[in-house]
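Visitor: First, the structure itself, so that you have it in front of you.
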């Protein structure tokens with residue numbers, strides 16, 4: 032997958048995007064995973080090969096006790 036573990040948090044993986052203009056992120060906590068990138072399906076397919084997946088949400092509004100809001104400028108607001 033080409034991702035590297037974050038130095039700050041071992042359950043966060045980071046990869047420079049193919050165009051070199053942004054980063055792709057995969058974070059996990061116990062049995063929850065969130066993927067933030069332009070094409071999350073590429074990672075979901077790899078994960079599916081090794082782990083059962085029950086529910087996939089393309090734009091989750093909630094993750095680990097935090098509300099998520101995708102803004103018009105494509106940034107994500109995280110609030111508790």
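Numbering (my numbering), first residue to last: 32 to 111.
In this text, a Cβ means the ideal position worked out from N, Cα and C, and glycines have one as well.
1) State the start and end residues of the unbroken alpha helix (DSSP H) segment that holds residue 52.
2) Taking the beta carbon of residue 57 as the centre, do at least 16 other beta carbons fall within 10 Å, making it buried, or is it exposed?
3) For a quick check, are the C-beta atoms of residue 60 and residue 72 less than 8 Å apart?
4) Rounded to whole angstroms, what's the CA-CA distance from residue 107 to residue 89? Just pull it up for me.
5) With DSSP as the reference, please indicate the residues paired to residue 107 in a beta bridge.
Guide: Taking the structure as given:
1) Locating residue 52 in the chain shown gives position 21, where the first residue counts as 1. Per DSSP, residue 52 belongs to no alpha helix (DSSP H) and is neither H nor E.
2) The count along the chain shown starts at 1 and reaches residue 57 at position 26. Residue 57 comes out buried.
3) In the chain shown, counting from the first residue as 1, residue 60 sits at position 29. In the chain shown, counting from the first residue as 1, residue 72 sits at position 41. Not closer than 8 Å, so no.
4) Residue 107 sits at position 76 when you count from the first residue of the chain shown. Residue 89 sits at position 58 when you count from the first residue of the chain shown. Answer to the nearest angstrom: the Cα atoms are 14 Å apart.
5) As a working note, residue 107 is residue 76 in the chain shown. In the DSSP output, where bridge partners are listed per residue, residue 107 has 101.
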